[in-house]
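Colleague: The structure follows.
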């Protein structure tokens, strides 16, 4: 295991620990679901290490499950923060389209292979969802002190990952025979993951209490 692999696992664990420590900051809002989500990520990473890396029992199953859960979770968070019913309807439609895309790719390709189409649709879904959230903020004039708002850091972290992560995963799949490039891409992926969870951690520490 490389230093970067260790660091991104530490970053995941640290964000889950900080989410637990500062739970009272956001336990009355939809952000409370970040706590079980982050501990799921830690568990998923632990299973990935022992079942995929150590024993080779699984291939992409845990990655694909993470993709499905994370995209739907982010859309769920956003839909609970926007106020207009039309924005909620769009987000629900996006979630349905993404889920259908995952189901089709599962049937056609199986769960043990890379889901490039779902990666693309998932990333696009999160980016569109983030844009809808931003529009909602302007419409409802909810822009007071965003740098002290925990949800700002949650969205910033997820958006950072979903802009860079899927592109890197697809590149790794397409250039699987180029060892040097794969190593560089994996370092870039680990760096992106570390950045995402570092943003979460900073948000838990720096943000004000959510009401």
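Residue numbers (the working numbering): 30 to 240.
The beta-carbon is built from N, C-alpha and C at its ideal position, and this holds for glycine as well.
Just to confirm, is the Cβ distance from residue 96 to residue 108 under 8 Å?
Modeller: No; because the gap between Cβ atoms is not below 8 Å, this pair is not in contact.
Colleague: Mapping DSSP to helix, strand and coil, what is residue 159?
Modeller: It is helical.
Colleague: The alpha helix (DSSP H) spanning residue 140 covers which residue range?
Modeller: That residue, residue 140, is in no alpha helix (DSSP H); it is neither H nor E in DSSP.
Colleague: Please state whether the Cβ-Cβ distance between residue 106 and residue 168 is less than 8 Å.
Modeller: No, Cβ-Cβ distance for residue 106 and residue 168 is not below 8 Å.
Colleague: If you reduce the DSSP assignment to three classes, tell me which class residue 37 lands in.
Modeller: Note: residue 37 maps to helix in three-state DSSP.
Colleague: Does the count of Cβ pairs from the region 130-145 and the region 211-221 closer than 8 Å reach three?
Modeller: No, because fewer than three Cβ pairs between the region 130-145 and the region 211-221 fall closer than 8 Å, the two stretches do not touch.
Colleague: How is residue 113 classed by DSSP in three states: helix, strand or coil?
Modeller: Residue state, collapsed to three classes: coil.
Colleague: With distances taken Cα to Cα, identify the nearest neighbour of residue 117 among 31, 164 and 230.
Modeller: It is 164 whose Cα lies nearest to the Cα of residue 117.
Colleague: Measuring straight from C-alpha to C-alpha, what distance separates residue 153 and residue 123?
Modeller: Their Cα atoms are separated by approximately 9 Å.
Colleague: What distance in whole Å lies between the Cβ atoms of residue 193 and residue 214, which are believed to be in contact at a cut-off of 8 Å?
Modeller: No, residue 214 and residue 193 are not in contact; Cβ-Cβ is about 11 Å, not under 8 Å.
Colleague: Would you kindly check if the distance between the Cβ of residue 87 and the Cβ of residue 80 is under 8 Å?
Modeller: Cβ atoms of residue 80 and residue 87: closer than 8 Å.
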